[in-house]
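Under mature numbering (1 follows the signal peptide of the UniProt record, and there is no 0), the letters of the sequence shown match residues -20 to -1, 1 to 304, in that order.
Even glycine gets a Cβ: it sits at the ideal position worked out from N, Cα and C.
Read the structure below first, then the notes.
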Amino acid sequence: MTTIVNRLHLLLTLISMSKAMECQQFRANLEADNKISTQAPSDNLHAVSFATCSRSCINGCECFSFNSRSNMCRLYIHRSSCDPSNMTVSEAGWRSYTIFEIQPTETLPLDCKSLYMNGKRKSGVYTIYPWERSDPNYRPVQVYCDMETEGGGWTAIQRRVNGEESFYRNWTEYKLGFGSPNVDYWIGNNAIHQLTNGRNLSLRVTITPMNGGSVSFKMYHQFYVFGEDLNYTLQLAVPGNGNLDDVLLYSSGGRLTGMQFSTFDVDNDKSSYNCAATYYGGWWFDNCDYAYLNGPWLSNDWHNPWHSQYTTAVDVNGTSMLIK
Ligand SMILES: [Ca+2]
């Protein structure tokens, strides 16, 4: 077994600090223990410690050999000098080490804006990583990115294209997300909270009309969704441009800002009855709504998709909620 391990060069990663105080990594070539290279070193150091030897292998030095008995150090320009095929001279005490490049950890895209900044310009489904790897909630999330509208880089937290996905879902489903981002989906309340947490994002709502007209939209700023401990309370302010009326901030029993999320199994709305059960979908219901994008597709139970421009489901041929 030991031989097998040796043949695999037993990637023993050691770390030391170079003179420039940068992290240096190298691996020992145990297969060539007690051997020294047939090739001439670029430098020979005498009576030095292992640390000094390793720190000296900089500025073009690709491998080094250290003799723990004689405290000798040999530096080589080419890593091939420490290749086992060249380590054919037997001499007790030598061990050789090859320097390797430290690959910077790949930065995982937080959202569609990160992808856009990295050169992605085509709208479609991408994978984003809203959570740090150390976070217990860490998971990759498949999302639809709009890379063309208003500067691109928009992350769709909600998208409905053909109504194939039911939005009559329970609390846990809305929490974790459901559907397929290339058609109909809800990204998940946990992900919305994470994506908006500590950031100042804009929300862009779009509605595609059934009559074939152009897409209606409305922009809001300071969009934020609290965590599950506050039932994913929605907060937004400052309506922006767009040809949809401002009804999310409208306050006659139907505004969204300040509302907690409700599903048929968790009623947090301001109504004496259960809005989510009555109108078959999860939402930030007040008493109940003047804007509601998660209603049952093409059903009379879809109440006020967007008052008063879209009052029934048959007016709506698509929706999206984009954040950036
Ligand atoms: Ca209620």
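Tell me the DSSP secondary structure of residue i in three-state form.
i: S60; result: helix
i: K100; result: coil
i: K198; result: strand
i: R54; result: strand
i: A27; result: coil
i: V141; result: coil
i: W151; result: helix
i: D126; result: strand
i: T87; result: coil
i: Q174; result: helix
i: L214; result: strand
i: S94; result: helix
i: N223; result: coil
i: C33; result: helix
i: G131; result: helix
i: T292; result: coil
i: N162; result: coil
i: N297; result: strand
i: L156; result: helix
i: Y169; result: For the sequence presented, residue 169 should be read as Asn rather than Tyr. It is helical.
i: T258; result: helix
i: D209; result: helix
Going by DSSP, which residues form a beta bridge with residue i?
i: I16; result: V69
i: L302; result: A136 and R184
i: N9; result: S76
i: V246; result: T243
i: F46; result: C53 and R75
i: A271; result: W286
i: I38; result: Partner(s): none; I38 has no beta bridge.
i: W264; result: Answer by DSSP bridge pairing: none, since W264 is not bridged.
i: I108; result: V121
i: Y204; result: Q215
i: P276; result: According to DSSP, which records beta bridges pairwise, P276 is partnered with nothing at all.
i: P21; result: In the DSSP output, where bridge partners are listed per residue, P21 has none listed.
i: residue 355; result: Summary: the structure shown does not reach residue 355, with the chain confined to residues -20 through 304, and so no result is reported for it.
In or out: residue i buried (at least 16 other Cβ within 10 Å) or exposed?
i: G133; result: buried
i: Y118; result: exposed
i: D115; result: exposed
i: T135; result: buried
i: L278; result: exposed
i: A217; result: exposed
i: A20; result: exposed
i: R140; result: buried
i: P120; result: exposed
i: N297; result: buried
i: E153; result: buried
i: A27; result: exposed
i: H201; result: exposed
i: R49; result: exposed
i: R113; result: exposed
i: S252; result: exposed
i: V227; result: buried
i: R184; result: buried
i: K304; result: buried
i: G40; result: exposed
i: T107; result: exposed
i: S29; result: exposed
i: N169; result: buried
So does residue i have its beta carbon nearer than 7 Å to some heavy atom of ligand 3?
i: Y253; result: Ligands in the displayed structure: ligand 1; ligand 3 is not one of them.
>> For the structure I just gave you, are there three or more beta carbon pairs, one from the segment 25 to 34 and one from the segment 97 to 107, closer than 8 Å?
In response: Contact fails: fewer than three Cβ-Cβ distances are below 8 Å.
> Pairing CB atoms from the segment 62 to 78 with CB atoms from the segment 8 to 24, are three or more of them under 8 Å?
Replying inline: yes
> Any contact of the segment 173 to 181 with the segment 201 to 213, i.e. 3+ C-beta pairs under 8 Å?
Replying inline: Yes: at least three Cβ pairs fall under 8 Å.
> Is the segment 285 to 296 close to the segment 256 to 268, with three or more CB pairs under 8 Å?
Replying inline: no
>> With three or more C-beta pairs closer than 8 Å as the rule, is the segment 236 to 255 touching the segment 186 to 198?
In response: Between the segment 186 to 198 and the segment 236 to 255 there are fewer than three C-beta pairs closer than 8 Å, too few to call the two in contact.
> Is the segment 136 to 144 touching the segment 154 to 170, taking contact as three or more C-beta pairs under 8 Å?
Replying inline: yes
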